[in-house]
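Participant:
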Amino acid sequence: MVGSKTLRKRFDEVADKILNEAKADEIEVRIIQSDTALTRYANSRIHQNIGQKDTHLSIRAVFGKKVGSATTNSLEDKDVKNLLAKAETIAKNQRKDPEFYGLPAVKDKIDEKSAFVKETAEYSPDQRAEKVKEIIEMARSEGVDRVYGAFQTDMKSLFVANSHGVRRFSTLTTANLTTNAIVDWDDDQGFGWGESFSADVSEIDHIEVGKTAVEKGLNNIEPEKIELGEYDVVLEPLAVKSILMYLDMMGFSAKSVQEERSFMNGRFGEQIMDERVDIYDDVSEKDMVGFPFDYEGVPKQRVDLIKSGVANEVVYDSYTAGREGDKESTGHALPMPNPMSPLAMNLLLGTGDFSKDEMIEETEKGILVTRFNYCRPIHPMKGILTGLTRDGTWLIEDGEIKKPVKNLRFTQNLIEALDNVEAIGEERRLFPMGYYPAYFAAPAVKIPDFRFTGTTEF
Amino acid sequence: MRDIVELGIGLLEKEGIEYGDVRLSQTENEVINVKNGAVESIKSGESKGYGIRVIKGGWGFASSSDFSERGMKESIKRALKIAAASSKISNNIDLENVEIYQESYTTPYKKDPFKIPLEEKLDYLMDVDERMEIDDRIKVRKCNFNAWKTIKEFASTEGARIEQELIMTGGGLGVNVSDGEDTQKRSYPNSFGGDYNSRGYEFFEDLDLLGNAEDTAEEGVDLLEAEQCPEGEMDIILNTNQLALQVHESCGHPTELDRALGTEASYAGTSFLTPDKLGDFRYGSDIVNIVSDATAEGGLGTFGYDDEGVKAKKVDLIRNGIFVGYQASREGAAKVGVEVSGNMRADGWKNLPIVRMTNINLEPGDWSKDEIVEETEKGIIFDGIKSWSIDDKRLNFQFGTEAGYLIENGEITKLIKNPTYTGLTPEFWNNCDAIAGEEEWRLHGVPNCGKGEPPQTMQVGHGCAPARFTDIRVGVGKW
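Going down the list, the protein sequences come from chains H and E. Take -12 as the starting number for the first sequence in the working numbering and just add one per residue. Take 33 as the starting number for the second sequence in the working numbering and just add one per residue.
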């Protein structure tokens, strides 16, 4: 493992060279270095086991209002030189973008430390294999012969410098363990899921993750089909994570509002959700991980998107802020240029004072959901989402979990769902998004009249 | 680059391994996005590196962009260390025997998209943008050009030596419209960036974005005033851009053998098409024939050899409605006793090859689309991907398209908005009663198929002609 100081020095040298040689009016240098290790297991055997290292250098060159960018994965002198020439050539041949108001110049001193844990960074293939082996043995001791999942550890560094004097560097580590138990029973299968995510691999209780999956799988045998319609639902934190993630994609960015496709459009200041609902983006919360600045080097601000149920504000990058004139970037840029930017990357749902058990006890007839699968927006302005339940869905009757049910498809307006929310959990859990470096902290919630529109065969 | 590959193979051969390969890849890409009269982004990227796969008691894989001798040695050491860890919890790994090639392949193309001046592409896209500026309710006008060029070298300890140069090109246009109450979108030739092919710049020219810009924008605006999709059961006709996705999700993914064997269970999911169903499960009606074809001319999933050195081929997946084949790797084929289909593909040098679609094509039928419409009493034509969701065994699906066209008594009567349809895969395909013929068959490209951990993105193709499905539930949800 290359030390942080050595890495920073190397990135500084590359940036200095680019900034000194650049002819453009403005220049941005971004370097992302990643080291990913992942052990995948299926049918209680390791079937994929990988180590990946990559470095991603990007230069954004600006002449007036003409912007060009180029990327490479080499930091060799000649490649860096070629990259600068390419970015500048593209920018010169570019058309003017009247709505580009320059690269950010926020140089405020901040604590640039992310959650970095040496043990996570140095975690070995042997250590991952050992934990996986213990999960497999634990499952076998419970009579479950087939478990599946992945154990991933990552170290990622982000460096941003620009010609306005911005210079940021940070390194973070993450570890994520998933277990999917598939329990065979006659001609049927029971599915169960466990997951744990942390910056510190030592905080991942692999046996607990495995036990959760196995227990859910064993309790999910011979699920029955139930009548479609509206049910009260108790959504476990992982299911709530999907709701947060799609709210984020459908409407929490300034771009979605500017393009008039967000459920926030025309509703700022209006009570659109229950007053107990607080949704905010804050990398500094204790149960959150992430870089303290965005991919343009702007420090991340806390943004209260939904405050006591009121549509309050959205996240900005420098471009979307520039378009509105009186706004500043809130530090939510993705690697630019990027049609998905800005994005809330550290999203939290405020906690309530219910336990999951209390929510179940208070339910006369409802559905308990472990997680959702393959969610997709149907109509972003109305906040309508569809998706299916997965890895453990149960019918609740008279305050008790009665029986497993076959997976259900929902087609639901999320804004209405959170307006009707009945209870919010007192504890929340942190999950990674997967595709983007975004993280979501979610408690369990109970929502009445959740609309199930289809069912499947397992 | 050949030297570093040979160095790697030479080092692997000294390690007493059961199998090893080195796959080097260098990708160059260009992306131009124009939005609302300005160039939103021009990006040029390149990435090169290599991945090493070894079997020594278990699988090991390491990838790196360090092309020095030291870098290669360290990467091999890492791959072997990972294999040693895997061997603690691994089965015996058998690879099905395949022919070993020392060959090269280049995508046939007429115009290198990277040699067309940037200025020319920008001028064209700006003209396309201007054509779409027809109504204040159009909040976003966008159009794009994308091209990739990949040079690959593959060598194995079995003696394979393969070089390939692959080119892909594409683009599209679209509008987002809003009247403050509702928002709609309309795209051409498909949503999410358009259409793509393994051809040169000539494919982008053939798309004729300029000639289709105004009509697309107009229909986007019309959608705001269109009627809501009706609820109920009726016949539906899928245009090729949506049928391509239907094939992708409900046949492409479930016929991936790794899913059927459970190795994607914890992420993308498994498959209802389990090996015990092979050869006698009725997947669809008699007229449904679906193949995996990496040799299809111009397909986005077309190449010379896959990423474990298997020559591109055409394999039956569904024949006369019966499930008859899988997309299978050498390891999977050996396990189940099926044909190696040449579907192992990796996203760049960094990732491990996994079973991926090539071109999953629905063979043409003998109708014309006009005939299908004429013979439909009540139905909806679905066009332009908007929303798609399917369960983790690929059974229950729900799709939404940008636009729908209501058919009444054999005629298209009106445009409808927010059209959705839902069903169960085998029931749906068994209700397929008409497929249009060769002349209406189109080979679409999907550039963003996600699968695997860490997530990999792959470019795949789907050929099809418009088809009808009877008695399908439409208009799902509360509006």
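By construction, the Cβ of each residue, glycine as well, lies at the ideal position given by its N, Cα and C atoms.
Name the residues in the stretch 424 to 436 of chain E whose C-beta lies less than 8 Å from a C-beta of chain H; which are they?
Facilitator: Asp424, Lys425, Leu427, Asn428, Gln430 and Gly432
Participant: So H/Gly179 packs on H/Asp344, CB below 8 Å; how close in whole Å?
Facilitator: Counting from one through the first sequence, the residue named residue 179 of chain H turns up at place 192. Counting from one through the first sequence, the residue named residue 344 of chain H turns up at place 357. Not really, about 18 Å apart at Cβ, beyond 8 Å.
Participant: Measuring only between beta-carbons, confirm whether H/Tyr282 sits less than 8 Å from chain E.
Facilitator: For the purposes of this step, residue 282 of chain H is identified with residue 295 of the first sequence, where counting begins at 1. So no, H/Tyr282 is outside the interface.
Participant: Give a yes or no on whether the C-beta atoms belonging to H/Asp385 and H/Glu349 are separated by under 8 Å.
Facilitator: Residue numbering aside, residue 385 of chain H sits at position 398 when the first sequence is read from its first letter. Residue numbering aside, residue 349 of chain H sits at position 362 when the first sequence is read from its first letter. It is not a contact, given that the beta carbons lie outside the stated cut-off.
Participant: Measure the Cβ-Cβ separation of H/Leu71 and H/Leu44 and say whether it is below 8 Å.
Facilitator: For the purposes of this step, residue 71 of chain H is taken as residue 84 along the first sequence, with counting starting at 1. For the purposes of this step, residue 44 of chain H is taken as residue 57 along the first sequence, with counting starting at 1. Not in contact: H/Leu71 and H/Leu44 (Cβ atoms no closer than 8 Å).
Participant: Indicate whether the contact test is met: 3 or more Cβ pairs, each with one atom in the stretch 497 to 506 of chain E and one in the stretch 263 to 277 of chain E, closer than 8 Å.
Facilitator: yes
Participant: Establish whether the CB of E/Ile121 and some CB of chain H are separated by less than 8 Å.
Facilitator: Start at 1 with the first residue of the second sequence, and residue 121 of chain E comes out as number 89. So, interface residue.
Participant: If we cut at 8 Å on Cβ distances, does H/Ser183 have a partner in chain E?
Facilitator: By one-based count along the first sequence, residue 183 of chain H stands at place 196. So, not an interface residue.
Participant: Just how far apart, CA to CA, sit H/Glu129 and E/Val66?
Facilitator: In the first sequence, the residue the question calls residue 129 of chain H occupies position 142. In the second sequence, the residue the question calls residue 66 of chain E occupies position 34. Between H/Glu129 and E/Val66, the C-alpha separation is close to 57 Å.
Participant: Between which two residues does the alpha helix (DSSP H) carrying E/Tyr228 extend?
Facilitator: Counted from its first residue, the second sequence places residue 228 of chain E at position 196. No alpha helix (DSSP H) holds E/Tyr228; the beta strand (DSSP E) holding it covers Asp227 to Asn229.
Participant: For E/Trp180, would you say it is in contact with chain A, using Cβ-to-Cβ distances shorter than 8 Å as the test?
Facilitator: This model lacks chain A altogether; the protein chains it does include are H and E.
Participant: Counting only Cβ pairs nearer than 9 Å, list the residues of chain H close to E/Ala117.
Facilitator: Along the second sequence, read from residue 1 onward, the residue named residue 117 of chain E stands at position 85. Neighbours of E/Ala117 on chain H, chain order: Thr26, Ile33, Asn36, Ser111, Pro112, Asp113, Gln114, Arg115, Ala116 and Glu117.
Participant: According to a CB-to-CB cut-off of less than 7 Å, which residues of the stretch 234 to 259 of chain H neighbour chain E?
Facilitator: Glu246, Glu247, Arg248 and Gly253
Participant: Which value, in whole angstroms, describes the spacing of the CA atoms of H/Thr166 and H/Gly136?
Facilitator: In the first sequence, residue 166 of chain H corresponds to position 179, counting from 1. In the first sequence, residue 136 of chain H corresponds to position 149, counting from 1. Looking at the two C-alpha atoms, the distance is approximately 4 Å.
Participant: Considering only the alpha carbon of each residue, which of E/Ala117, E/Phe313, E/Gly203 and E/Glu409 lies closest to H/Arg27?
Facilitator: As a working note, residue 27 of chain H is residue 40 in the first sequence. H/Arg27 has its Cα closest to that of E/Ala117, out of E/Ala117, E/Phe313, E/Gly203 and E/Glu409.
Participant: DSSP puts H/Asp406 in a beta bridge; with which residues?
Facilitator: Against the first sequence, residue 406 of chain H aligns to sequence position 419. BP columns for H/Asp406 are empty, so no partner.
Participant: Apart from the five residues just before and just after E/Trp473, which ones in its own chain have a Cβ nearer than 7 Å to its Cβ?
Facilitator: As a working mapping, residue 473 of chain E is identified with position 441 in the second sequence. Excluding positions up to five away in sequence, the list reads Pro396, Gly495, Cys496 and Ala497.
Participant: Quick one: does E/Met158 have its CB under 8 Å from some CB of chain H?
Facilitator: As a working note, residue 158 of chain E is residue 126 in the second sequence. Cβ-Cβ to chain H under 8 Å: yes for E/Met158.
Participant: Using only CA atoms, which one of H/Glu121, H/Phe87, H/Val93 and H/Asn80 lies nearest to E/Pro149?
Facilitator: Against the second sequence, residue 149 of chain E aligns to sequence position 117. The shortest C-alpha separation from E/Pro149 is found at H/Asn80.
Participant: So, do the stretch 356 to 374 of chain H and the stretch 407 to 423 of chain E have three or more beta carbon pairs nearer to each other than 8 Å?
Facilitator: yes
Participant: Is it the case that the Cβ atoms of E/Phe304 and E/Phe236 are separated by a distance below 8 Å?
Facilitator: Along the second sequence, read from residue 1 onward, the residue named residue 304 of chain E stands at position 272. Along the second sequence, read from residue 1 onward, the residue named residue 236 of chain E stands at position 204. Taking 8 Å as the Cβ cut-off, E/Phe304 and E/Phe236 do not qualify as a contacting pair.
Participant: Just to confirm, are E/Asn522 and E/Asn352 a CB contact at a threshold of 8 Å?
Facilitator: Outside the displayed span of chain E (33 to 511) sits residue 522 of chain E, for which this structure offers no information.
Participant: Tell me which same chain residues have a C-beta within less than 8 Å of the C-beta of E/Gly364, skipping the five on either side of it?
Facilitator: Taking the first residue of the second sequence as position 1, residue 364 of chain E is located at position 332. Cβ neighbours of E/Gly364 beyond the five flanking positions: Leu289, Asp290, Leu293, Tyr358, Val370 and Val387.
Participant: Measure how close the beta-carbons of E/Ile268 and E/Phe501 come, nearest whole angstrom, since I'm counting them as under 8 Å.
Facilitator: Indexing the second sequence from 1 puts residue 268 of chain E at position 236. Indexing the second sequence from 1 puts residue 501 of chain E at position 469. That pair is a contact at about 5 Å.
Participant: Any C-beta of chain E sitting closer than 8 Å to the C-beta of H/Ala57?
Facilitator: The residue given as residue 57 of chain H occupies position 70 in the first sequence. Yes, H/Ala57 counts as interfacial toward chain E.
Participant: For my contact list, E/Thr408 and E/Gly442 are in at a C-beta cut-off of 8 Å; report their separation, rounded to the angstrom.
Facilitator: Here residue 408 of chain E refers to the residue found at position 376 when the second sequence is read from its first residue. Here residue 442 of chain E refers to the residue found at position 410 when the second sequence is read from its first residue. So it is a contact: roughly 6 Å between Cβ atoms.
Participant: Which residue comes first and which comes last in the alpha helix (DSSP H) that contains H/Ser125?
Facilitator: Taking the first residue of the first sequence as 1, we reach residue 125 of chain H at position 138. Residue 125 of chain H is actually Met in this sequence, not Ser. Residues Pro112 to Ser128.
Participant: Cα separation between E/Gly243 and E/Trp511?
Facilitator: If you number the second sequence from 1, residue 243 of chain E lands on position 211. If you number the second sequence from 1, residue 511 of chain E lands on position 479. If I take the Cα positions, the gap works out to 34 Å.
Participant: Is it a yes or a no for the stretch 192 to 200 of chain E touching the stretch 271 to 281 of chain E, going by three-plus beta-carbon pairs under 8 Å?
Facilitator: A contact is defined here as three or more CB-CB pairs under 8 Å, and the stretch 192 to 200 of chain E fails this definition with respect to the stretch 271 to 281 of chain E.
Participant: Could you pull out every residue in the same chain whose Cβ sits closer than 6 Å to the Cβ of E/Glu296, ignoring the five residues on either side in sequence?
Facilitator: On the second sequence, position 264 is the one that residue 296 of chain E refers to. Contacts found: Asp290.
Participant: Determine the chain H residues that contact E/Val172 at a beta-carbon separation under 7 Å, and present them in chain order.
Facilitator: As a working mapping, residue 172 of chain E is identified with position 140 in the second sequence. Going along chain H in sequence order, the residues near E/Val172 (Cβ under 7 Å) are Glu246.
Participant: Tell me whether the beta-carbon of E/Val368 lies closer than 8 Å to the beta-carbon of E/Asp348.
Facilitator: Walking along the second sequence from the start, residue 368 of chain E turns up at place 336. Walking along the second sequence from the start, residue 348 of chain E turns up at place 316. No. Outside cutoff.
Participant: Can you grab the Cα-Cα spacing for the pair E/Asp159 / E/Lys184, in whole Å?
Facilitator: Indexing the second sequence from 1 puts residue 159 of chain E at position 127. Indexing the second sequence from 1 puts residue 184 of chain E at position 152. Approximately 36 Å between the Cα atoms of the pair.
Participant: Would you tell me roughly how many angstroms separate the C-alpha atoms of E/Leu255 and H/Leu225, rounded to the nearest one?
Facilitator: Start at 1 with the first residue of the second sequence, and residue 255 of chain E comes out as number 223. Start at 1 with the first residue of the first sequence, and residue 225 of chain H comes out as number 238. Rounded to the nearest angstrom, the two C-alpha atoms are 36 Å apart.
Participant: Give every residue of the same chain whose Cβ lies closer than 7 Å to the Cβ of E/Gln216, excluding the five residues on either side of it in the sequence, and list them in chain order.
Facilitator: Here residue 216 of chain E refers to the residue found at position 184 when the second sequence is read from its first residue. Correct list, in chain order: Val209, Gly252, Leu255, Leu256 and Lys449.
Participant: On the premise that E/Glu259 lies in contact with E/Lys80, defined as a C-beta separation below 8 Å, what is that separation, rounded to the nearest angstrom?
Facilitator: For this step, residue 80 of chain E is matched to residue 48 along the second sequence. For this step, residue 259 of chain E is matched to residue 227 along the second sequence. At roughly 53 Å, the Cβ-Cβ gap does not stay under 8 Å, so E/Lys80 and E/Glu259 are not in contact.
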